Each structure stands twice: as structure tokens, then as C-alpha cells.
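Peer 1: Taken in order, the sequence shown gives residues 56 to 914; the numbers are from the numbering used here. Sharing a structure below in C-alpha cells format, with a few things to ask.
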Amino acid sequence: MMRFYRALLYLYPAGFREEYRHELCATFAERMREHTGLLAPLFITLAAIGDVVPNALAVHWDILRQDLRYAARSLRRTPGFAITAVVVVALGVGANTAAFSLADFVLLRPLPFPEPDQLVKLRQSAQGGDNELSPAIYRDWKGMTRSVRGMGAYTGRAMNLVGTAEPRRLETIHMTPEVFQLLGVPAFTGRSFVPNDSTNGQVVVLSYPLWQTQFGGDPEIVGSVVRLDGAPYTVIGVMPSSFRFPTRDAEAWTPLLFREDDFTDRTDSYIEGIARLRDGISIEQLRGELAVISARLDQQYPREDEKTGAAVFGLRDQLSERSRMLVLALCGAALCILLLSCANLASLLLARATNRARELAVRAALGAGRERLVRQLVTESVGLAVVGGIVGIAVAMGSVPLLAKLVPTNLPIAEQPSVDLRVLLLAAVLVGVTGLAFGVGPAVGAGRTKALDALREGVRAGGGRTQRTRAALVIIEVAASVVLLISSGLLIRAVLRIQGIDPGFRAENVLTLRTALPRPRYDITARRDQFYSRVLQDVRALPGVQSAAYITGLPMSMRGGIWGAEIVGDMRPAGESNSVSARFLTPQFFATLGIPLRDGRDVAASDTRDNPFVVVVSESFVKRHWPSGGAVGKQIKVADIERTIIGVVGDVRVRGLERPSEPQVYMPASQVADSAFISYPPKDLVVRSASALTGLLPSIRRIVAAADPEQPISNVRLLSEIVGDETASRVTQLRLLGILSLIALLIAGVGIHGLLSYAVSRRSQELGVRRALGEQASSIVRRVLREGMLLTLAGIGIGVVLAYLSARAMGALLFGIQPGDPATFGAAAVLCLMTAIVGCLRPAIRAARVDPIAALRGE
């Protein structure tokens, strides 16, 4: 039992234990002699635990309070050191807390659905990538697949909400009743869809934000009737505030209805599929089953389903590789900052411990044990880390609005990134690692200093080991800063290259807005033409307006609309090589966007259904089929009609600046048959003006309201903003990376300056003797500069290797820039060298000014 009690005494601090161990053991032995009996050992053991544990905690607390008071007094005497250490820790903890909150939100946090890993998206796959499903293929897959519990479909088509204060455009999702059941999220109030809704269709489920903003959170909303696209819809439910599907922008959901005619054209792809896997079934197994089904359908429909497969992926897997890499690159940069912060903090603590060697020696001579001294220094380092961590967390919380701009819109999560409990736990771990792991080493090293050596007059404490350790830390700092500088430089070059790509049109001074005409009121082509003509006539008459037109969808805003086109007289079957990006438009569109007309003419107001069907094609379409030219007058079949080519225009980047686009074809809106392509008529108005664009908007609103009082205006943007959005997330990312890179460079420069300043102060007597023996000041300056440059070059060498490996890993973000781009690597190395030179100059000048007489007197 005495052995147990001696082990229990290890709960006390070592100093206390050494001083009182014999007395405590004697008291415990006396207690054992006084108590006898069968249960005496149990009572004695419990009494010992009840005595030692609270007393040990009290002793530790008393010592901690003493250490905290002494640490506070000590740090108040050196405010420069304290502020520097807090800032360094705040940078490391803040950057990593913010980066992890974004990575957790985008990549790790479970989606707000039951068993989200079982939910998969379904699309068609072909040689050109994946695409939406056609109703016919969706029906076949649903009937033939056995690996899923159920399958549903949805498509996005905004609708006009009318009858309220003013018309409003709603981002509406049309989906089959199975989708709500597959997602497994019940309505907040009311209900979601049931199978009968697929035949009725005149019901709507509202999102929580729409219910609050548009209807004031009316508790009696269920059962009321709203007008969407002029038709009455009964509100049957409101979804919870956390529900978003399929994107964060969804505002309402209506049933997706299929008519028998919808299943006739197997190439009419416009719906997305979703399914829930059966228990024990993996995504790979479902892919295998759908591959077999697709092969069977390919044989059954050799023309329509040729080379068409199935693409299956999880809901979070729909994030592009570029989005993932941007988040991971930011996390990597934050880790570099943490490494720099920890190295710099360790270097600061080493220097502080060395400078306090005489103080610690005095305390040791007065009876303070080594454990007590180490504990005091660790308390200071942890205290600094805690304060810095608090500041860093505050900075991270303030950066949340900026981080929200990096969240992909196709992520079905309602919330924004936040510093929640998970993120705070990570921050606490970072603070602990920073304070303990990088504070214990310097503290232990200081505790090893012999009191006699530290007290000797004229002898500097902290020998070569401290200097070598700090030199290694500086090399690490330089290497990490080089990695950040090169990574940021490569990404900057990639963005500049993307921004330098010609989109095929002139985006300056062009205002865009959407007036999507509702069904069924505008199913008749003549009625749409009447609306277009009236609006365009009045808009073109506005002061400063140079031209205006309507189109189905703006480039880079509407990236789809990929149809098949056949060359009349060409007997080869249509395949991927004949895919085109198709749009319907009104006259003056090419002039409004500055798309050059290479041959022939533009569409005209006379191009109606009473005249021959015509089409304008892009240069790439001509090069594909008539390399020698002469396309005007040829005929192609597109949108189910044979049309004569009347003009050739320049190519446009429809799918964005980073992705090549299919050739474009443009057809007159007046030649669309009634009730045909009812989801594809022109809806985007483009206006080029020589005057201020924002001043046109009130006038355009009045013109649209005069043409149709129930027609809302939405998506009001400058065309230059749409083009700018192509690199907006990259630019935001680069701003963050640029800030982190500059911080890293500054930390590395400060580290070099601190190391050399410490070396000069430690070697002041040696330098004074050298001056007394005739060495020139310039020689001493060169000596100090050489020492700093050698460390810098070593760090640059290591950093260049690591940066090259990092660049290869993020190749998806570089857009053709080589991972080993010499200009970027060279610029980063030069910038780092210049920073190092600045950091070396002051210590070098200080070394040259050492007074040789004072140095000799010290000797």
C-alpha cells in the first residue's frame, strides 16, 4: 500500500514532492498502523486519494497563479517581445482557423440530408463530358436499375410570381415527387410532394427565406393560392430554413410533369437525375449496372444513344476539381503561415531565454529548481499563445464574409461558413501545439544553462547550439515563404492568362437583364414577337442607346443549349462532332455585343416563318465542315428544321473563359413554331449605350411594365461583371494568398533580422577585437551579409523544390502555366533575396560600428 501512496504523491509538483515526501510518507505509515481490520486498507486508500488529489490540484493552482503573475510582470517589461509574439501566433492561428472553416464547410461537413453518402446524381456521359438526361433515358434507367431505392428527376426553370406588391422572378425547381422522398427532409409546415402531385402539378412548396421575406412568415400560408407565370398554384408546404436543393439559390419547388410527347426525343436532355443507393451498394456498383444498361440501350437505339453512358457521383462530388483545389491551396498556404509562425515564435523564445540567462541563473542560485524554471517559461509561452489564439480566432470570425464568396453556389447547404465548435476545437489544438511544442524546447534549453556560466562576467549565455537552432528555423521560414510566393505567382500568371483570353465579344458598356416570358400566355410566337418588338423599339429610342437585342441566354451565363446539327446531304450519322451551342435571337444582337460578322448578313425582322428558315453560324462551325470557306448558302438541320446559312460570325466563349466551347448557331426568334421550344425563347435583353448604364434601368423598367404590367425584371447586371465572374473566385483566392505570402515574407525577413542581430550582440567582443586588429568595417559588413545570404540561399533552395512539387499538385489551377515556370521562380527568389538583404543591413551596420575599445575593455 505504501508503494501505491508513493505513486500517488507524483500528482504533486516535483519540488513540493521532494520537500515533503518523507513527512507525508511517515504520516501515511502512522495512519496504516492506527487502522486495522478487514476494510482498513480500503478506507485508508480512499482517504489518501481524497487527501492527495485536491491538495495536489491546489498546489498546482497556487504555482500556476504565481507563474501567471510573474509572466505578466515579465512581459510588461518587454512589450515589444510580447506584442510581436502575440501577432505571430495570431497570424498562424487566425489563418488556419479561417481556412479550416472554409474547408470544413465545403469539403467535410455532412450535407443536411439523412445518410447523405447514399445520395447520388445521375447524368449522361459522352465524349465531350457529362450532360443532362432526357426524359426517355431517365424513364429507362428508373425502370431497369435495381441498385437504388428510388430515382427522381428535376430541372431548374424560373417562374414569375405575380399578384403581390410587384412581379418577382423566382428561382424555381421543377422535380418529380420522388426527390423530396429521396432527400428525406420533411416540410417545416404543411407537406412536400406526393405521387398524385405528378398528375395535378398546380401545387408549390416554398423555401423558408421566401416565406419570410415575400409572405411575412404567414402561419396560414398553407392552402393559399399564389400566381406563378399567371397560373394559380396552391401552397402545400414550406421547407425548413436549412433546406437547399439542388443549389443555394432555390426559392420554390413545383412538380415536374411529363407528357407522353416528352419521351419521343431521346436527345432532348434537360433534366438532372438523383437516386438513393440501397444499403450495402456502392457508387461503383451502380456505375457498373448503369454501364450495362447503357450498352443495352445503345443497341436498342443505335442512332440516339450512340456512345452515351452514365455518369454517377455523390452530391458533394459535383464540386469541380478547380473549386476543390482552390480551397486546398488556401489551406496549404495557411499551414505555411502556421509553420512560419511557430518557427518565428520558437526563435523569439530562444532569444528571450538566452537574454534572460543571468536572471534565470540568479533564481536558480536562490533555490529555484530546474522544473520550476522550465514551468515558468512554458507558462509564458502558453500564455502568449492563448492571447494570440484569441486574437487569431477573432480575425478568423471577421473573415467569414470574405470566405463566403469562395463557396460554390451549387453546394446544397443553406448556411454560410462559420467558426463553429469543430473549428474552435481545431483552434484550441493549434494554440496548444504552438504554445507547448514550440515553447518547451527553448524553456528546457534555458533550464539546462549552468548558473556559474551564466553569472560569469563577460560571458554570453547560450552557445552555438542556440545559434544553430535559430539558423535552422530561419531556413524553414525562408523555405515556407518561397513556397507561398511561387504558388501565388503561378496562380497570378494563370489568372492573367485567363483574363487575357478574348471572349469573342466586347463586354464594355453593355447592360443585361432578364424578362423571361411566362407560359402558357407566351406560348404563341407572334405574342412573344410583339413583346420583343415593343420593348426593343422603346429601348433603342432611349438617349445614348446604340443598339439592343434579345437572346435565349447570354454567353458564360447560360453555358448549356448544346444541340445536334446535321449537314443536309451528309449521310453520316450525327455524333459528338456535330454538337453546337444553339440560341434564338432578335436582330442587332451581334452589333450589340460587338461579335464580328465575317461573311453574309445578320438575321432580320423579315426572317419569319413565312419566309425561308435561316441560321447564322460561327467560324469554328465553318472550319469544321467547310475548311475552304463558302458556307453561306449551305443548309444544315438544327432544331428539327432544315435552315440556310445566311451569315458567319466570330466564335464566342459560351462555356466560360477556361473551357473551349462548341461551335455556335443562331436562329431568328420569329421562326420558332408556336408551343415549340417553350423553355428556350429569348429572355435576356442586352443594351449597348454610350451613356451611364445604371441611368437606363428606371426607363427600361417603365418600358417593360408598359409592355406587360405582370412581367418582372431580374438578373440585372453589366456584361463586364458576368465576364469578371469567370475569375472572381480566383481573384478572391489570390488576394488571400497574396496577403499570406507577404506576411510570410515579412516573417522570414524579421527572422533573418532577429537571428543576425542576436549573432552580432553575442559576438560583439569578437567583432571589436577584429576592428582593433585592423579589419575594415566593410569587411565586417560583408561577413554579416554573407552569413544572412547563406541562410537565405539554403532556404530558397529547399523552398524551390517544395514549390515545384506543390505546383505539380495544383496543376488544375495553372491553366497552361508550367509548374516550373522560370519567370515566376526567378521573381520569387529575387524578392526573397531583397527582403533578406533588407533584414541583414541593420545588423551588419551595427556590427561595423562596434567600439573596439569597449570590446577590449570587456576582454
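Note that beta-carbon positions come from the ideal geometry of N, C-alpha and C, so glycine has one too. Computed from a prediction, not measured in an experiment: that's the story for all the values here.
Relative to the C-alpha of Arg-772, which candidate in Arg-128, Gln-471, Arg-743, Arg-589 has its C-alpha closest?
Peer 2: For Arg-772, the nearest C-alpha among the options comes from Arg-743.
Peer 1: Can you give me the C-alpha to C-alpha distance between Thr-309 and Ile-696, rounded to a whole angstrom?
Peer 2: Cα to Cα, the separation comes out at about 32 angstroms.
Peer 1: Just to confirm my understanding: we take Val-258, look at its own chain, exclude 5 residues before and 5 after, and list those with CB closer than 8 angstroms. What are they?
Peer 2: So the qualifying residues of the chain are Phe-248, Asp-252, Tyr-288, Thr-289, Val-290, Ile-291, Thr-309, Pro-310.
Peer 1: Determine the DSSP secondary structure at Thr-580, reduced to helix, strand or coil.
Peer 2: Helix.
Peer 1: Looking only at DSSP bridge pairs, what is Glu-435 linked to?
Peer 2: Answer by DSSP bridge pairing: none, since Glu-435 is not bridged.
Peer 1: Mapping the DSSP letters down to three states, classify Ser-612 as helix, strand or coil.
Peer 2: Ser-612 falls in the coil class under three-state DSSP.
Peer 1: Looking at the secondary structure, which residues open and close the alpha helix (DSSP H) in which Trp-116 lies?
Peer 2: Residues 95 to 132.
Peer 1: For the stretch 271 to 287 against the stretch 315 to 325, are there 3 or more C-beta pairs whose distance is under 8 angstroms?
Peer 2: With a cut-off of 8 angstroms, the stretch 315 to 325 and the stretch 271 to 287 do not count as touching, because too few Cβ pairs lie within range.
Peer 1: Return the bridge partner residues of Ile-691 from the DSSP annotation.
Peer 2: Ile-691 is bridged to Ile-622, Arg-698.
Peer 1: Reducing DSSP to helix, strand and coil, say where Gly-328 ends up.
Peer 2: The answer is strand: DSSP assigns Gly-328 an E or B state.
Peer 1: Using alpha carbons as the reference points, say which of Leu-540, Ile-329, Ala-346, Leu-395 lies closest to Leu-370.
Peer 2: For Leu-370, the nearest C-alpha among the options comes from Ile-329.
Peer 1: Distance, Cα to Cα, Val-441 vs Val-486?
Peer 2: Between Val-441 and Val-486, the C-alpha separation is close to 6 angstroms.
Peer 1: How many angstroms separate the CA atom of Asp-763 from the CA atom of Arg-212?
Peer 2: Going by the C-alpha atoms only, they are around 20 angstroms apart.
Peer 1: In three-state terms, what does DSSP make of Pro-456?
Peer 2: In this structure, Pro-456 counts as helix in the three-state DSSP scheme.
Peer 1: So, with DSSP's three-state summary, where would you put Leu-869?
Peer 2: Of the three classes helix, strand and coil, the one that applies to Leu-869 here is coil, per DSSP.
Peer 1: Which runs of the beta strand (DSSP E) spanning at least 3 residues fall entirely within the stretch 207 to 286, listed in chain order?
Peer 2: If we require 3 residues or more, the beta strand (DSSP E) runs fully inside the stretch 207 to 286 come out as 214 to 217, 223 to 225, 227 to 230, 258 to 261, 280 to 283.
Peer 1: Smallest Cα separation from Leu-63: which of Asn-255, His-808, Pro-737, Ala-111?
Peer 2: Among Asn-255, His-808, Pro-737, Ala-111, the Cα nearest to that of Leu-63 is on Ala-111.
Peer 1: Since Ala-366 and Arg-224 are thought to touch, with beta carbons under 8 angstroms apart, how far apart are those beta carbons, to the nearest angstrom?
Peer 2: Contact flag wrong, Cβ pair sits at about 30 angstroms.
Peer 1: Does Arg-901 come out as helix, strand or coil in the three-state DSSP assignment?
Peer 2: Helix, per DSSP.
Peer 1: Can you tell me which of Arg-574, Val-671, Glu-842, Ile-758 puts its alpha carbon nearest to the alpha carbon of Pro-718?
Peer 2: Closest option to Pro-718, Cα to Cα, is Val-671.
Peer 1: What does Asn-151 pair with, by DSSP beta-bridge criteria?
Peer 2: According to DSSP, Asn-151 bridges with nothing at all.
Peer 1: Excluding the 5 residues flanking Tyr-67 on each side, which residues of the same chain have their C-beta closer than 7 angstroms to its C-beta?
Peer 2: Cβ neighbours of Tyr-67 beyond the five flanking positions: Ala-111, Val-114.
Peer 1: When you compare the CB positions of Val-478 and Asp-159, do they come within less than 9 angstroms of one another, or not?
Peer 2: Result yes, Cβ atoms of Val-478 and Asp-159 sit closer than 9 angstroms.
Peer 1: Given a threshold of 16 other Cβ atoms within 10 Å of its Cβ, counted over all protein chains shown, does Tyr-60 qualify as buried or as exposed?
Peer 2: Tyr-60 is buried by the Cβ-count criterion.
Peer 1: Specify the secondary structure class of Asn-930 as computed by DSSP and reduced to three states.
Peer 2: One cannot answer for residue 930 here, as it falls past the ends of the chain, which runs 56 to 914.
Peer 1: From Val-635 to Val-141, what does the alpha carbon distance come to, in whole angstroms?
Peer 2: Going by the C-alpha atoms only, they are around 59 angstroms apart.
Peer 1: Secondary structure at Tyr-587, three-state DSSP: helix, strand or coil?
Peer 2: It is helical.
Peer 1: Pick helix, strand or coil for Tyr-605, following the three-state DSSP scheme.
Peer 2: Strand at Tyr-605.
Peer 1: Hey, quick one: how far does the beta strand (DSSP E) through Asp-739 stretch, first residue to last?
Peer 2: 739 to 744 is the span of the beta strand (DSSP E), which, as asked, contains Asp-739.
Peer 1: Keeping to the same chain, check which residues put their C-beta closer than 7 angstroms to that of Leu-540; ignore five residues upstream and five downstream.
Peer 2: Closer than 7 angstroms at the Cβ level, and outside the excluded window around Leu-540, lie Ser-796, Leu-800, Ala-883, Leu-886, Cys-887.
Peer 1: Is the beta carbon of Val-703 less than 9 angstroms from the beta carbon of Val-687?
Peer 2: Yes.
Peer 1: Taking 9 angstroms as the threshold (C-beta atoms), are Glu-435 and Gly-806 in contact?
Peer 2: No, they are not a contact pair.
Peer 1: By Cβ distance below 6 angstroms, which residues in the same chain neighbour Pro-250 in space, the five residues on each side in sequence not counted?
Peer 2: Only Pro-232 meet the Cβ criterion.
Peer 1: Pick helix, strand or coil for Tyr-288, following the three-state DSSP scheme.
Peer 2: Correct three-state label for Tyr-288: strand.
Peer 1: Nearest CA to the CA of Glu-327: which residue from Val-429, Leu-283, Met-206, Asp-353?
Peer 2: Among Val-429, Leu-283, Met-206, Asp-353, the Cα nearest to that of Glu-327 belongs to Met-206.
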